[in-house]
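Under the working numbering, think of the first position of the sequence shown as 34, with each following residue one higher. Glycine is no exception: its CB is placed at the ideal position from the N, C-alpha and C atoms. Written out below as structure tokens is the structure these notes cover.
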Amino acid sequence: MEATVVPLPLPALPEGWESENNFIPKGKITSFTQRTLEPVGPYFLAHARRARHKRTFSEDDRIQAQERAKKVEENDDGEISEPEDPMMLQREAKDWKSQDHYKVLGLSKYRYKATEEQIKRAHRKKVLRHHPDKKAAAGRADDDNFFKCIQKATEVLLDPIKRRQFDSVDEEADVEPPTKKQLAKGNYYKLWSQVFKSEARFSKVHPVPTFGDDKATKEDVENFYNFWYNFDSWRSFEYLDEDVPDDNENRDQKRHMERKNTNARKKKKAEDNARLRKMLDDCSAGDERIKRFRQEANAAKNKKRFEREAAEKKAAEDARLKKEAEEKAAKEAEEKAKMDREATKKAKEAAKNAVKKNKRVLRGSVKDANYFVEGDASPATIDAVLGDVELIQAKIDADEIAALAGKLNGLKVADEIKGVWKAEVERLVGAGKLQEGEAKALSA
Numbered sequence: 034m035e036a037t038v039v040p041l042p043l044p045a046l047p048e049g050w051e052s053e054n055n056f057i058p059k060g061k062i063t064s065f066t067q068r069t070l071e072p073v074g075p076y077f078l079a080h081a082r083r084a085r086h087k088r089t090f091s092e093d094d095r096i097q098a099q100e101r102a103k104k105v106e107e108n109d110d111g112e113i114s115e116p117e118d119p120m121m122l123q124r125e126a127k128d129w130k131s132q133d134h135y136k137v138l139g140l141s142k143y144r145y146k147a148t149e150e151q152i153k154r155a156h157r158k159k160v161l162r163h164h165p166d167k168k169a170a171a172g173r174a175d176d177d178n179f180f181k182c183i184q185k186a187t188e189v190l191l192d193p194i195k196r197r198q199f200d201s202v203d204e205e206a207d208v209e210p211p212t213k214k215q216l217a218k219g220n221y222y223k224l225w226s227q228v229f230k231s232e233a234r235f236s237k238v239h240p241v242p243t244f245g246d247d248k249a250t251k252e253d254v255e256n257f258y259n260f261w262y263n264f265d266s267w268r269s270f271e272y273l274d275e276d277v278p279d280d281n282e283n284r285d286q287k288r289h290m291e292r293k294n295t296n297a298r299k300k301k302k303a304e305d306n307a308r309l310r311k312m313l314d315d316c317s318a319g320d321e322r323i324k325r326f327r328q329e330a331n332a333a334k335n336k337k338r339f340e341r342e343a344a345e346k347k348a349a350e351d352a353r354l355k356k357e358a359e360e361k362a363a364k365e366a367e368e369k370a371k372m373d374r375e376a377t378k379k380a381k382e383a384a385k386n387a388v389k390k391n392k393r394v395l396r397g398s399v400k401d402a403n404y405f406v407e408g409d410a411s412p413a414t415i416d417a418v419l420g421d422v423e424l425i426q427a428k429i430d431a432d433e434i435a436a437l438a439g440k441l442n443g444l445k446v447a448d449e450i451k452g453v454w455k456a457e458v459e460r461l462v463g464a465g466k467l468q469e470g471e472a473k474a475l476s477a
């Protein structure tokens, strides 16, 4: 926001104001103190150094620069220091593309993990050590090849795109898959973990699943292999282009070179994908965890199959036993019903025979009583008495017939027999089963 300036003019002095008469002092100036002044500071020290050693400005600056360089080298000798290969120091600047940029700067142990600050510090150290001016002072004025290699390495590693292209083909950062001989000594999970940790630097997706150990769960192992079999890599192979078109080439030549480079990159990418897949196949083939999970899965599958077969067998056995039980129960029920029918039939026949027998007793009783007359009974009397007997039999049930027959059975005296019949007729009349006056031949 822009500041707003508001002008505030001072008011005019009052009329008759005079400086001599109207000035009011607010304090007094202190008395003077005498001090000793001496020259100090970096500029005085530089002047004193030049005067003492009788140097010119340029001579002093050069010597100071050398001392500072030596001091920087001594300070950086720890973190980003490594021995320099004599063959590397003799490298031609024109062969910069085939050089190991990290090794040139002394960052071999860091490689793709090196930070931008480490690269800058390593560059400063190498420049101070291999600057052409320093070599010129030693009598090697034209020896600047390695210095140019340093500059090129720094240029590549400080450019994110160029550095990624170089990291894509940096074989020194690769960890080769373990051999069978190495795996035979043990450390299976440690050896393969180092390989996948190295390959993980090319992943577009993070975090990258770790290889784990023999205690990893089935889910972790499956997630690991699924991730790597579908690995999304940013790795490219532009750095290995053999023909790089420049501005002096004509359009057709440039297109030809670009097509050639594109085809070569695709081929290298396909080869790299095949390499990664083979590496995964080799790793999974020897992974005891996968074998264990398969065995556990097969055991669980077999267990379910055995349980299912046992259940089916038990169900079939239960069905067979149930069918046999039902058939047996049906047969027993049928036999029981048959026996019941036969028993019922026999009972009915027995009851029927008993009724017939009892009826014969009833008819025989009146016959034994000579049909309740003196002398020979006439046919009419016989028919009347037997008719009343049939009437009584029709009015009573089998139990009553049996009871009546029991009373008459064994009686031979006519009056006693008639008394029994008379009592029965009275009972039936009282029960409403006979009308008064019916069965006269038995109640008279």
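By the DSSP assignment, the alpha helix (DSSP H) with D315 in it spans what residues?
R284 to A318
Is R325 buried or exposed, if buried means 16 or more other CB atoms sit within 10 Å of its CB?
exposed
Residue range of the alpha helix (DSSP H) that includes N391:
E321 to D401
Looking only at its chain, what residues have a beta carbon closer than 7 angstroms to the beta carbon of A438, apart from the 5 residues adjacent to it on each side?
N391, V394 and L395
Can you check the region 191–250 for any alpha helix (DSSP H) of at least 4 residues that lies completely inside it and give the ranges in chain order?
193–201, 213–217 and 221–232
Touching by the beta-carbon criterion (3+ pairs, under 8 angstroms), the region 424–437 and the region 463–471:
yes
Going by DSSP, which residues form a beta bridge with S91?
For S91, which the question treats as bridged, DSSP gives no partner whatsoever.
What separation, rounded to the nearest whole angstrom, lies between the Cα atoms of D421 and R374?
36 angstroms
For S266, the three-state DSSP class (helix, strand or coil):
strand
Integer Cβ distance of S231 from T243, believed to fall under 8 angstroms:
The Cβ separation is near 13 angstroms, so there is no contact.
Cutting at 6 angstroms between CB atoms, please list the residues of its own chain near P211, excluding the five before and the five after it.
L224
Between D320, D246 and R124, which has its C-alpha nearest N178's C-alpha?
R124
Q198 beta carbon less than 7 angstroms from that of Y272
yes
Determine, using beta carbons only, whether V458 and A472 come nearer to each other than 7 angstroms.
yes
Could you give the distance in angstroms between the alpha-carbon of P72 and the alpha-carbon of K87?
19 angstroms
Classification of G139 by the beta-carbon crowding that lies within 10 angstroms, buried from 16 upward
buried
Tell me the DSSP secondary structure of S131 in three-state form.
helix
Mark L190 as exposed unless 16 or more other C-beta atoms lie within 10 angstroms of its C-beta, in which case mark it buried.
buried
What do you reckon, are the CB atoms on R85 and D93 nearer than 7 angstroms?
no
DSSP three-state assignment for Y143, whether helix, strand or coil
coil
What are the start and end residues of the alpha helix (DSSP H) that includes F77?
P75 to H86
Boundaries (first-last residue) of the alpha helix (DSSP H) holding L419
P412 to K428
From this set, L419, D320 and E51, which residue's C-alpha is nearest K248's C-alpha?
D320
Contact check, D305 vs M290, beta carbons under 7 angstroms:
no
May I have the straight-line CA-CA distance separating Q286 from D274, to the nearest angstrom?
15 angstroms
Suppose you measure from the CA of L419 to the CA of K378; what does that come to, to the nearest Å?
30 angstroms
Under 8 angstroms, with one C-beta from each stretch per pair, do the region 328–339 and the region 264–271 reach the 3-pair mark?
no
Applying the criterion that 16 or more other CB atoms from any shown protein chain within 10 Å of the CB defines a buried residue, is A474 buried or exposed?
buried
Distance, Cα to Cα, D298 vs R308?
This sequence places Arg at residue 298; Asp is not what is there. One C-alpha to the other measures close to 15 angstroms.
Measure from the alpha carbon of L444 to the alpha carbon of each residue in P165, A155 and A402, then state which is nearest.
A402
To which residues of the same chain is E188 closer than 8 angstroms at the C-beta, ignoring the five residues directly before and after it?
K195
Which residues in the same chain have their Cβ closer than 8 angstroms to the Cβ of V202, if we skip the five residues on either side of it in sequence?
F270, Y272 and L273
K455 in three-state terms, based on DSSP:
helix
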